[in-house]
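Peer 1: Let me begin by handing over the structure; questions about it come next.
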Amino acid sequence: MNEIAEIPASYKKAARNLRKYANGGKLIGLYTIEPDNEKDGTFKKAGYMLPYSIAAMMSAYYDGHRGTIWDGADSVGVWGTGVKLIFPALSYTFPDYIEAMTYWWRYNRDTTGGWKQYPFDIFNVHQYPGTLAVQFSGSGKAISPENTYYNLQQKLDTALYFSAIYGTPLVNTELGFDAYIDTNKRNNSFQAIHAFGTKNVEQIQADWVARSYLMHAANGVTMYQYWLADQGNYETTGGTFNATGLLKWNTDDGALPFLQKRPAYYWMKTLKARFGSYTFKSQTVDADTLYKQLYVNGSDSAYVIWYGTEHEKAAFKTVGNFATYNLISMVEGDEDGSSTTGTGALNIVIDETPKIILYTSEAQPPSAPSGYFKNP
Numbered sequence: 000m001n002e003i004a005e006i007p008a009s010y011k012k013a014a015r016n017l018r019k020y021a022n023g024g025k026l027i028g029l030y031t032i033e034p035d036n037e038k039d040g041t042f043k044k045a046g047y048m049l050p051y052s053i054a055a056m057m058s059a060y061y062d063g064h065r066g067t068i069w070d071g072a073d074s075v076g077v078w079g080t081g082v083k084l085i086f087p088a089l090s091y092t093f094p095d096y097i098e099a100m101t102y103w104w105r106y107n108r109d110t111t112g113g114w115k116q117y118p119f120d121i122f123n124v125h126q127y128p129g130t131l132a133v134q135f136s137g138s139g140k141a142i143s144p145e146n147t148y149y150n151l152q153q154k155l156d157t158a159l160y161f162s163a164i165y166g167t168p169l170v171n172t173e174l175g176f177d178a179y180i181d182t183n184k185r186n187n188s189f190q191a192i193h194a195f196g197t198k199n200v201e202q203i204q205a206d207w208v209a210r211s212y213l214m215h216a217a218n219g220v221t222m223y224q225y226w227l228a229d230q231g232n233y234e235t236t237g238g239t240f241n242a243t244g245l246l247k248w249n250t251d252d253g254a255l256p257f258l259q260k261r262p263a264y265y266w267m268k269t270l271k272a273r274f275g276s277y278t279f280k281s282q283t284v285d286a287d288t289l290y291k292q293l294y295v296n297g298s299d300s301a302y303v304i305w306y307g308t309e310h311e312k313a314a315f316k317t318v319g320n321f322a323t324y325n326l327i328s329m330v331e332g333d334e335d336g337s338s339t340t341g342t343g344a345l346n347i348v349i350d351e352t353p354k355i356i357l358y359t360s361e362a363q364p365p366s367a368p369s370g371y372f373k374n375p
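The sequence shown runs 0 to 375 under numbering that gives the first Met the number 0.
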């Protein structure tokens, strides 16, 4: 395929079908399409695409390579349909790969006639903080989103740099951690959490999912959980991505199944309930990995604070002095979290589970709601 893959017309049939799909999808309210998945990687041995190849494919998919590819009397791609094209998510966020695509678009496309230089509406990556650099080879495990071995922040910085060049928003449409209680199943996943300290894997998953969302919010990047609910209710061997959901099946022994809520479900519900309408304003990260984020909503403010570590770190600290405060702690079984109100100095034990401090302060500059906590 790669002999012709740098020629956009090679993708004429696929671009024609994508146009039909876009027009049909609108009828049921679908206005975005991500046409492929992780073509820069080796996910389940799927076909790797050279960066020039995927650049040519997207040029055909978006607007029929600037309107030069037609299917009879109709154009191809999503151009003119009102449907937005999401770039097929990258699995690695390698700068060299992205730069090669960018050079192809700069050389083979231009804005003459009102066409776009870069053929998509939303840039997209997948991020799975873990110890593996290559999927489905060797063994690995999930690690916290702040861990510099994987370096989620650096990968987001790279993706944000290029999305700024492209003039598009950046989204992360997949992030998750397998939470297998059964260690035999856990060992069949390279993205499984290995428990440490006194917390079980589901409690650790809750912390890491919440902290991942908060890190994305700090970077202005929308993130989607993979999955909201586990897929398959009779899983007996484990496997990667089969236990990443906020919801899990109650059984794997053939009994009548139903979905149960993991702690991560309650953590995310609490974030959404308590400050889903707030806007991210600033973040500090201390040398001892203490994260402190400030969110605002008019004259209301909220701190979110946690340690970005994975060894059950905790310390007693003074958060600040407040006229009034409402301390929100994550609690299993409660979608709003537990509430402790008070005045004056707030001294608390800060650990690896994010805590929310709601308080009233002077009016803050207006800005749009973050919208990061829409799901679940």
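By construction, the Cβ of each residue, glycine as well, lies at the ideal position given by its N, Cα and C atoms.
In whole angstroms, what separates the C-alpha of residue 143 from that of residue 351?
Peer 2: If you take the alpha carbons of residue 143 and residue 351, they lie about 10 angstroms apart.
Peer 1: Quick one, which of 178, 124 and 167 has its alpha-carbon nearest residue 152's?
Peer 2: The candidate whose alpha carbon is nearest that of residue 152 is 124.
Peer 1: In angstroms, rounded to a whole number, what distance separates the CA positions of residue 47 and residue 37?
Peer 2: Roughly 8 angstroms between the two C-alpha positions.
Peer 1: What residues are listed by DSSP as bridge partners for residue 156?
Peer 2: Its beta-bridge partners do not exist; DSSP assigns none.
Peer 1: What are the boundary residues of the alpha helix (DSSP H) that includes residue 56?
Peer 2: Start and end: 50 to 66.
Peer 1: Taking residue 256 as the reference, which of 359, 265 and 246 has the closest Cα?
Peer 2: Nearest option by C-alpha distance: 246.
Peer 1: As a quick exercise: from 185, 214 and 32, pick the residue whose alpha carbon is nearest that of residue 237.
Peer 2: Closest by alpha carbon: 185.
Peer 1: Between the alpha carbons of residue 85 and residue 119, how many angstroms are there, rounded?
Peer 2: Distance between the alpha carbons of residue 85 and residue 119: 6 angstroms.
Peer 1: Can you give the Cα-Cα distance for residue 207 and residue 67, rounded to whole angstroms?
Peer 2: Roughly 47 angstroms separates the two Cα atoms.
Peer 1: My output table needs one value for residue 202: the three-state DSSP class, helix, strand or coil.
Peer 2: The answer is helix: DSSP assigns residue 202 an H, G or I state.
Peer 1: Across the segment 335 to 346 and the segment 316 to 326, are there enough close Cβ pairs to call them in contact, namely three or more that are closer than 8 angstroms?
Peer 2: Result yes; three or more Cβ-Cβ pairs closer than 8 angstroms.
Peer 1: Assign residue 332 to one of two classes, buried (16 or more other C-beta atoms within 10 Å of its C-beta) or exposed (fewer than that).
Peer 2: Residue 332 is exposed by the Cβ-count criterion.
Peer 1: Once the 5 residues before and after residue 308 are set aside, which same chain residues still bring their CB inside 8 angstroms of it?
Peer 2: Answer for residue 308: 143, 145, 288 and 351, listed in chain order.
Peer 1: Spell out a yes or no on whether the segment 48 to 57 and the segment 3 to 17 are touching, meaning 3 or more CB-CB pairs, one atom from each, closer than 8 angstroms.
Peer 2: The segment 48 to 57 is in contact with the segment 3 to 17.
Peer 1: When you compare the CB positions of residue 217 and residue 279, do they come within less than 8 angstroms of one another, or not?
Peer 2: Yes, these two residues count as a Cβ contact at 8 angstroms.
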